[in-house]
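Below you'll find the structure, written out as structure tokens, and then a few comments.
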Amino acid sequence: MLDKRNPQLNKNGELIHLLSPEGLSRDILTHILDTASNFVSVNDREVKKLPLLRGKSVFNLFFENSTRTRTTFDIAAKRLSADVFTLDIGRSSTAKGETLLDTIDNLSAMAADIFVVRHSESGAPYLIAKHVAPHVHVVNAGDGRHAHPTQGLLDAYTIRHYKKDFTNLRVAIVGDVLHSRVARSDIHALLALGCPEVRVVGPRTLVPADLAQMGVRVFHNLEEGIRDCDVIIMLRLQNERMSGALLPSSQEYFKSFGLTPERLQLAKPDAIVMHPGPINRGVEIASSVADGPQSVILSQVTFGIAVRMAVMSIVAGNEA
Amino acid sequence: MLDKRNPQLNKNGELIHLLSPEGLSRDILTHILDTASNFVSVNDREVKKLPLLRGKSVFNLFFENSTRTRTTFDIAAKRLSADVFTLDIGRSSTAKGETLLDTIDNLSAMAADIFVVRHSESGAPYLIAKHVAPHVHVVNAGDGRHAHPTQGLLDAYTIRHYKKDFTNLRVAIVGDVLHSRVARSDIHALLALGCPEVRVVGPRTLVPADLAQMGVRVFHNLEEGIRDCDVIIMLRLQNERMSGALLPSSQEYFKSFGLTPERLQLAKPDAIVMHPGPINRGVEIASSVADGPQSVILSQVTFGIAVRMAVMSIVAGNEA
Amino acid sequence: MLDKRNPQLNKNGELIHLLSPEGLSRDILTHILDTASNFVSVNDREVKKLPLLRGKSVFNLFFENSTRTRTTFDIAAKRLSADVFTLDIGRSSTAKGETLLDTIDNLSAMAADIFVVRHSESGAPYLIAKHVAPHVHVVNAGDGRHAHPTQGLLDAYTIRHYKKDFTNLRVAIVGDVLHSRVARSDIHALLALGCPEVRVVGPRTLVPADLAQMGVRVFHNLEEGIRDCDVIIMLRLQNERMSGALLPSSQEYFKSFGLTPERLQLAKPDAIVMHPGPINRGVEIASSVADGPQSVILSQVTFGIAVRMAVMSIVAGNEA
């Protein structure tokens, strides 16, 4: 019989890796958000430092480049007093033909505690989590089109912060849902946390009808998609899509799916606008919306540090 | 009515950003030098560490590359116990088309305390300083041809260390003054500190006559320019000038403006020789002068760490 | 009369630099291994941190790139609580034409304590060690074909860990001994520690007969070379050799000199298999051997951290 246990949990059902919100219970997700909530105030202090990961070694393994996400994990780990090691993967042994798992074995042998992994291949963090010794923990910082769980969790945190309760919310995710690991992790997290209606909104090429299988409602018209919503999550339009076969041009995209102040009025009056960043002003979002009173984009960034501190301290078993 | 207040000062006249020595009072400059003087001894200790910036987050934002200057700020911040984050700007979101101020907003939202900024555009650190929230402080690590205030201050510190008093000194700055932010910051700092005579010396293409407007004396002949000086600051000749239209060749330059032991004898017998580094041996300075008894070039480097510690602790409001 | 003193020792015979195991006494090498042995347990602790180098500044100067070795020194230094500064040499002042010794002088003036140096030129760390002020210590992290002393010491540590006593061992070093600084440092360390028989094994192009001058036995046949050995150290075959004039192809190499399970049976039944990494599976070593019960390759990595902690704390005079 196959072991059907979620690879993110140990035998006692405790979170030891964070790979995807998929399959995590509402209790576990709520525990992460509650822990993050304790850390938000740390980031406001004179001395932004807790000793929870003192003497632990966190390795940033970014096989796909992302200065911003890497920096947020670096900040989170150092505020927990960990030692952080960032490997320049492009120049490392992997480039010399060493296999991924040999690299992992070597770093584990150096007494690593946490691997923060970003990889262009979906599933790479699972492969690593299955392979490592029990004392090593894996946090997925984005794998292919599959998952970006800390983004999903910081989005959930932000929504809970502003809306208090998930159980009466209508949330629209707008843009290139098909290729977005952020959208996928948002959907999994929000549904598990009890959000009754999650919508995905975008052109047919980027939001195919069969996404409905995930438990969401599919819209191909922005006005309809955001009408009466409490939360609008705008996705970043990747540059490679703009000039590709899937879209005519970024101006055309903005005409149909850009969030303008006029369109925002279709949502609830107290709706919040979110975006994982970096934003493309005038492509998926008008500057006046991004900088406007309903935008909580910079709060997402702030909460993101606290959520990453929570995830790392929980998987390492050293909570606040 | 426009706010004429110096953007480096808060309403109480306290230094909250360091952007340029221009417009800073003798009191403020002297306070920085006095604070640095306390830190010089820290760098001689067994344990080179003070807790003044513990739990603070310092971001090195080098939009223009400079390993050496970045390293000196990194050292200064870590000796004050700060957490230091160095962004690889070339690979970051800015490269993805994010605006400078969006990048700054995002990093501020991560609870940054100090931005150390180097930028090829004059004025970029001012733009950032005007934009950031009150709890964030900006230190200019060199912007275009405009200013390099910590270099100006460490030069002032070095001169005060060896000459005790600015009020009876003759200082010559030799080389490509036109394109040099170091020269500009030296001139502003030295004049504010009471130096009665600052000379600029170099060929007409690099030292135009209208520099006299800054309050300095202009010389186009090295022998005349350094005669009876107490301090000679040699500037680095940038490679791009040597092969450009402004100069015939580096050998020709050395013949006319290179500091040799013979020429050095025209200055006062106890004159000191300074250089911001890295030196071009045999281009602007003879090796025997750079390594000779009157050279204080390596002392500048040592004092530079203490001056940067002083600046960061003062702007952050956590002085020794 | 020339000073014949070993440049690694001060006048009291204490280790102040680690440049090569060559010329170091058995007492000194044993002292390093004994000190490392105290640090192995630190790497197993909840809090992997000792204050021995607190407030010290360690500079990683990798003139030749090596992410893996650099990371091991970074880990070792941070677990001793040092501040670590890694210079991107390719982008630094050296690239602007500054000489190596000017770079060293500048970093020394910033109050450096330890330079960890990797350089493609044999002897570069010696040049630096001769040049620096007495308070600065140099650790060679690999210079040209000359030496890689911490690798030699961690190999010696690993052998002592598994075999307890050097004085009755037969050790074979297999592969491109001619170009290998690892092999050279292994040979010096093992002979000084009392190992009675060290063999070098490989094709004539990579293992010339005159290596016997080092006090080793030369073999050109793998089966003969490893017969009845207690320890087999496989060297990494550099990619540039595989397609070069010295070797026909990597497949041909594996046929003659690859370590297979069958060949391993010629060694003693309890022989251990070592490799400095990263391994080339199917080139110098079969996967089943690298991952097999006699392989101690990952233990080498673990012990390498402890050995580097030992070396840095000893040269800095702050032992456990």
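Protein chains in written order, with the working numbering: chain U, -11 to 308; chain S, -11 to 308; chain H, -11 to 308.
Where is the CB? At the ideal position from N, CA and C, for every residue including glycine.
Test: residue i CB closer than 7 angstroms to a CB of chain H
i: U/D164; result: no
i: S/N31; result: yes
i: U/R296; result: no
Min CB distance residue i to chain S below 7 angstroms
i: H/M98; result: yes
i: H/L75; result: yes
i: U/T87; result: no
i: H/D93; result: yes
i: U/T248; result: no
i: U/T290; result: yes
Interface flag, residue i vs chain U, CB-CB below 7 angstroms
i: H/L(-10); result: At H/L(-10) the pLDDT is 46, less than 50, meaning the model places this residue with poor confidence; the figure from the coordinates comes in the next sentence. No, no contact with chain U.
i: H/K66; result: yes
i: S/D216; result: no
i: S/D143; result: no
i: H/I293; result: yes
i: S/D71; result: yes
Which listed residue (the options) has its alpha carbon closest to that of residue i
i: S/R251; options: S/L21, S/I220 and S/I267; result: S/I220
i: U/L41; options: U/S69, U/I273 and U/I4; result: U/S69
i: H/K118; options: H/S168, H/L89 and H/G1; result: H/L89
i: U/Q201; options: U/E212, U/V188 and U/T248; result: U/V188
i: U/S45; options: U/L199, U/R33, U/F61 and U/T55; result: U/F61
i: U/V303; options: U/E10, U/I16 and U/R(-7); result: U/I16
i: H/Q282; options: H/R106, H/S96 and H/Q253; result: H/Q253
i: U/I293; options: U/T146, U/L12 and U/H208; result: U/T146
i: S/V72; options: S/A99, S/E86, S/E52 and S/A197; result: S/A99
i: U/L177; options: U/E10, U/L(-3) and U/K(-1); result: Reading off the sequence shown, one finds Ala at residue 177 of chain U, where the question assumed Leu. With distances taken between Cα atoms, U/A177 lies closest to U/E10.
i: H/T155; options: H/T59, H/G1, H/V120 and H/G182; result: H/G182
i: S/I214; options: S/Q139, S/L157 and S/V30; result: S/L157
i: H/S25; options: H/I260, H/R192, H/V195 and H/H149; result: H/H149
Cβ pair residue i, residue j closer than 7 angstroms
i: S/D174; j: S/D153; result: no
i: S/C217; j: S/A160; result: yes
i: U/V35; j: U/V299; result: no
i: U/I77; j: U/I116; result: no
i: H/A64; j: H/M222; result: no
i: H/A14; j: H/A171; result: A quick correction: the sequence has Arg, not Ala, at residue 14 of chain H. Taking 7 angstroms as the Cβ cut-off, H/R14 and H/A171 do not qualify as a contacting pair.
i: S/F245; j: S/V271; result: no
i: U/K37; j: S/G305; result: no
i: S/G130; j: S/R169; result: yes
i: U/A135; j: U/S8; result: yes
i: U/S276; j: U/P249; result: yes
i: H/L49; j: H/F103; result: yes
i: H/V165; j: H/V186; result: no
Mind checking the segment 34 to 64 of chain U against chain S and listing, in chain order, the residues whose C-beta falls within less than 8 angstroms of any C-beta there?
Contacts with chain S (Cβ-Cβ distance below 8 angstroms) from the segment 34 to 64 of chain U involve E34, V35, K36, K37, N53, T55, R56, T59, T60, D62 and I63, listed in chain order.
Taking any Cβ of chain U, which residues in the segment 255 to 287 of chain H have a Cβ under 8 angstroms from it, in chain order?
Within the segment 255 to 287 of chain H, the residues whose Cβ lies closer than 8 angstroms to some Cβ of chain U are G265, P266, I267, N268, R269, L286 and S287, listed in chain order.
What are the start and end residues of each continuous beta strand (DSSP E) run of 3 or more residues lying completely inside the segment 74 to 150 of chain H, in chain order?
Note on the segment 74 to 150 of chain H: whole beta strand (DSSP E) runs with a minimum of 3 residues are 102 to 107 and 125 to 131, in chain order.
At which residue ranges does the segment 28 to 74 of chain S contain complete beta strand (DSSP E) runs of 3 or more residues, listed in the order of the chain?
The DSSP assignment places complete beta strand (DSSP E) segments of no fewer than 3 residues inside the segment 28 to 74 of chain S at 45 to 50 and 71 to 74, in order along the chain.
Taking only runs that begin and end inside the segment 249 to 286 of chain H, name each unbroken alpha helix (DSSP H) of 4 or more residues, in chain order.
As far as the segment 249 to 286 of chain H is concerned, its whole alpha helix (DSSP H) runs of at least 4 residues are 249 to 252 and 275 to 278.
Length-filtered (3 minimum) beta strand (DSSP E) runs lying within the segment 150 to 237 of chain H
Taking 3 residues as the shortest admissible run, the segment 150 to 237 of chain H contains the following complete beta strand (DSSP E) segments, listed from N- to C-terminal end: 158 to 162, 185 to 189, 205 to 207 and 219 to 222.
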